[in-house]
Structure formats: structure tokens, C-alpha cells
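In the numbering used here, the protein residues as written are 1019 to 1408.
Step one of this worksheet: look at the structure below.
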Ligand SMILES: NC(=O)c1ccc[n+]([C@@H]2O[C@H](COP(=O)([O-])OP(=O)(O)OC[C@H]3O[C@@H](n4cnc5c(N)ncnc54)[C@H](O)[C@@H]3O)[C@@H](O)[C@H]2O)c1
């Protein structure tokens, strides 16, 4: 019996992430969401869940009539092909990050969404870091204009330490052909998404990536990027999976002071008078604006994946706005592509990128790859919680 006030959901890709989604939905943590079907190309991944219909081919699940919506948690290139298939067949789609590997694939996916057979179909992305109270507060602070014009941002995101065992857990990982990139494609889509959500996209990117700098992999595991924005603001972004304990620290210098976000806390050293006005009006040579030290309360708990799936169902059933509409997912992909290609081409790139050029470059990386993985083991999956960005 189907319940019209519930979303009948299918989950495709039952690996590390998909298993977590299955446990959330099966564990009835999300009201009005019923798990009806699962799919993985590896039948062993399905055996554990004997009470749900299981498929080894996503096309059969999508056409089964059993589900209204699917969550796609497969390796990245399949987000595009499976996502397009789901959208063309009238299903709501919640896709894991990144929505695709490169800008051209994002455009294909978004195009399928624009041409969807039912206007009611929704398309969301699993950008669960958007549910963290500190970033929600910061977003309000910036968008309300309270912080004033931004001059500089520095984001150090080096706390995604990954071991060689991690990279060996799946042949697709950290290869151009299987994954389409490294830290910018797998770990940092959340940070890149927050950057575009908070600050918009830069107009220029110059980056230096270390390919397999700290691990036996062929893709980037170290990134240092310089960014320029349309208003003249500058940014520096540093990321790696090769540093422990690592840091996650965002510093913003804006007209009305300095904001630091670290360890879930926001501190604002607020200029009582905006620095431009102060500079123009004071007669003193070495004076600075008076400051107030403000610790902004960012209370509440981040709901992460649970919050994103809950919101996806609420959006389908009640018309609630999506926390992360997947059409916005193209921006973080473009930003990551710009960093990788700026480094490879050894030049500054201007955004928007030409998507045909981007696709050509990624195809070249795949074609010219000579890297062979020495060891591949099955993911143990047990320590997934430790992998989540906090
Ligand atoms: N949002 C987050 O916090 C978060 C965290 C981890 C991973 N992810 C994302 O989840 C996705 C999967 O990552 P993972 O770490 O779970 O990988 P994984 O290798 O552990 O699992 C992938 C699963 O997909 C299956 N699969 C491969 N091709 C398939 C296909 N065509 N159809 C059906 N199943 C297929 C594999 O057999 C495997 O079981 C990636 O997009 C990754 O970036 C998101």
C-alpha cells in the first residue's frame, strides 16, 4: 500500500555514504519518508537489507514504479548519467555532492532538470554543511549587509586528513577516470559550496595543486588558490588531505570589521565606524576604528544528512524551499575545476569558464592517465562519522 502523504524513496549506491542514508531512512529517523528500493552494482552491498526491493541496475529501479524520488550516492561520474535518467523518468532527485565532476556535465544534468516531464519534480543536493548554525548565521550577516563590503577572505580547510587505506578503499577513488579529481572533488565540495553561497564566484582564479603530493594517488591532495572577486575583494583558499590535525578556519575582512569562523564559533571584531569612512575622515595618522568584540551565538544543532533528506521530503510534500537546490551545485564544481585547471595549465583563469574547454581538459586527463592503483580493498565503512566535516 502506498501512502500519498509519504515520499517513497529509492537509494542508489549503497557504499559508505549510501549506507548512512539507508540507515537514516530505515531507522525511521525521517518522518514521512519510506525506503522502497535500493540499488548497487555490487550485490554484496544489498544483501544486508532483505526487507527492501533490491536492484543491481539503476535503470530498473528508476522504472520500477516503486519510488517517487531517488538519492544518488554513487561515484561522481554516475551522478550525471543516473541523475539524468531519474529526472527524465519523472522522479525527484537528491544527488550527492559534487553534482557532477565538471561544468559541462553539470550543464547536462541541469538541462535535464529544466526539461523534466513534471514541473513538480525537485532537484536537491546533499550539501549538509549548509545546515550548520554558524554558517547559517554568517550567511545572514553577509546577505543583510551588516558586515559591509567584503575586502578579503582566507579559508584554510586542511582538516580532511585521509590515509592511504582510504584511497585504497575503492578503485574509483582519487583517479581522473573514476573520481574526476581529489580533495576539490571529494572532500571540499562543501567548502566550495559555502564559498559560492556566502561570497558568490570569483572572476579570476590562480591556483597551485600538488598532485599526489602526500599520497600514492594521481589527483590533487594539496591546493593553494588565489581568487579575485568583481568588487576587487581577494581570497586565498588552502586545502589538503595530507595534514593532521589540520585546520578549518575562515577569516573575512569587511568594511565593518573582521569575522572569524572556527570550531563552530563566529567571532566578530566589529568596527564601530566603517574602516573606509574612518580612513577618510580621521585627521590622525596612526589611528584605527574603535572595535567591539562580539561572539555571535550560533546555537542549535546541525542536522547534516538527516536535515537535508528531511528538507527534501518536506519540499516534495509541503512545498518547503530546498536548503540546497542542486542547480546551485554547478558553482562549486566550476570553482574546483578552475583551481585544478589553473594549476595544470599554469595560468590565471577567468570565470565563467568555457565548459567545452573544461570538458576537453578533463577528457585529456583521463586519456593521458598512466596511473595504476597498487592496492584496492573494499571500504570498511565503519568510521564514516569521522569523515564528516564539522
Ligand atoms: N555528503 C557527504 O558528507 C558525503 C560523504 C561521503 C561521500 N559522499 C559522496 O557519496 C558518493 C559515494 O561515495 P562513497 O564514499 O559512499 O563511495 P563508496 O565507494 O563507498 O560507495 C559507492 C557505491 O556505489 C556503488 N556503485 C558504483 N557504480 C554504481 C552504479 N552505476 N549504480 C549503482 N551503484 C553503483 C558501488 O558499488 C559502491 O557500493 C560520492 O559522490 C561522494 O562524494 C558524500
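C-beta atoms are modelled at their ideal positions from N, C-alpha and C, and glycine is treated no differently.
Quantities reported herein were computed from a predicted structural model and do not represent experimental measurements.
Could you give the distance in angstroms between the alpha-carbon of residue 1071 and the alpha-carbon of residue 1081? Within the chain shown, numbered from 1, the residue matching residue 1071 stands at position 53. Within the chain shown, numbered from 1, the residue matching residue 1081 stands at position 63. Their backbone Cα atoms lie some 13 Å apart in a straight line.
Proximity test, residue 1133 beta-carbon vs ligand 1 heavy atom, cut-off 7 Å: Counting from 1 along the chain shown, the entry for residue 1133 is found at position 115. Incorrect: residue 1133 has no Cβ contact closer than 7 Å to ligand 1.
According to DSSP, which residues form a beta bridge with residue 1368? In the chain shown, residue 1368 corresponds to position 350, counting from 1. DSSP lists 1222 as partners of residue 1368.
Measuring only from the beta carbon, is residue 1146 closer than 7 Å to any heavy atom that is part of ligand 1? Along the chain shown, read from residue 1 onward, the residue named residue 1146 stands at position 128. Flag set: Cβ of residue 1146 near ligand 1.
Does the region 1120–1133 touch the region 1232–1240, meaning 3 or more C-beta pairs lie closer than 8 Å? no
Measuring straight from C-alpha to C-alpha, what distance separates residue 1385 and residue 1304? Within the chain shown, the letter at position 367 stands for residue 1385. Within the chain shown, the letter at position 286 stands for residue 1304. Looking at the two C-alpha atoms, the distance is approximately 58 Å.
Would you say the beta carbon of residue 992 comes nearer than 7 Å to a heavy atom of ligand 1? Given a span of 1019 to 1408 for the chain in the structure shown, any question on residue 992 remains unanswerable.
Which residues in the same chain have their Cβ closer than 6 Å to the Cβ of residue 1075, if we skip the five residues on either side of it in sequence? Within the chain shown, residue 1075 is the residue found at index 57, counting from 1. Excluding residues within five positions, none has a Cβ falling inside 6 Å.
Output the boundary residues of the beta strand (DSSP E) element that contains residue 1180. To locate residue 1180, count along the chain shown from 1; it is residue 162. Careful: residue 1180 lies outside any beta strand (DSSP E) and carries neither H nor E.
Whether or not the region 1166–1186 and the region 1253–1260 are in contact is what I'm after, with contact meaning three or more pairs of Cβ atoms, one per stretch, closer than 8 Å; do they touch? yes
Three-pair Cβ contact test at 8 Å for the region 1196–1206 versus the region 1279–1293: no
In angstroms, rounded to a whole number, what distance separates the CA positions of residue 1193 and residue 1389? Counted from its first residue, the chain shown places residue 1193 at position 175. Counted from its first residue, the chain shown places residue 1389 at position 371. Computed Cα separation, rounded: 8 Å.
Which of the three DSSP states, helix, strand or coil, is assigned to residue 1314? Your numbering for residue 1314 matches position 296 in the chain shown. It is a strand residue.
May I have a chain-ordered list of the alpha helix (DSSP H) segments no shorter than 4 residues that lie completely inside the region 1029–1104? 1034–1044, 1076–1080
Determine the DSSP secondary structure at residue 1408, reduced to helix, strand or coil. For this step, residue 1408 is matched to residue 390 along the chain shown. In this prediction, residue 1408 has a pLDDT of 47, which is less than 50 and means its spatial position is unreliable; what the coordinates show is noted afterwards. Coil, per DSSP.
Just to confirm my understanding: we take residue 1328, look at its own chain, exclude 5 residues before and 5 after, and list those with CB closer than 6 Å. What are they? Here residue 1328 is taken as the residue at index 310 of the chain shown, counted from 1. The residues are 1048.
Simplified DSSP assignment, three categories, for residue 1139: Within the chain shown, residue 1139 is the residue found at index 121, counting from 1. Coil, per DSSP.
Tell me which residue opens and which closes the beta strand (DSSP E) that residue 1244 is part of. On the chain shown, residue 1244 is found 226 positions in, with the first residue counted as 1. Its beta strand (DSSP E) spans residues 1238–1246.
Using C-beta distances below 6 Å, list every residue in its chain close to residue 1408, excluding the 5 sequence neighbours before and after it, in chain order. By one-based count along the chain shown, residue 1408 stands at place 390. Bear in mind that the predicted position of residue 1408 carries a pLDDT of just 47, short of 50, making it too unreliable to give a figure here.
DSSP on residue 1291, reduced to helix/strand/coil? Locating residue 1291 in the chain shown gives position 273, counting from the first residue. Note: residue 1291 maps to coil in three-state DSSP.
Distance, residue 1161 Cα to residue 1231 Cα: Within the chain shown, the letter at position 213 stands for residue 1231. Within the chain shown, the letter at position 143 stands for residue 1161. Residue 1231 and residue 1161: Cα-Cα distance of roughly 37 Å.
Within the present structure, is the beta-carbon of residue 1031 separated from the nearest heavy atom of ligand 1 by less than 7 Å? Position 13 of the chain shown, counting from 1, holds the residue named residue 1031. Residue 1031: yes, Cβ under 7 Å from ligand 1.
Can you tell which of 1105, 1028, 1123 has the C-alpha that lies nearest to the C-alpha of residue 1379? On the chain shown, residue 1379 is found 361 positions in, with the first residue counted as 1. When each option's Cα is compared against that of residue 1379, the closest is 1123.
For residue 1255, list the residues DSSP reports as bridge partners. As a first step, residue 1255 must be located in the chain shown, where it is residue number 237. Partner(s): 1173, 1243.
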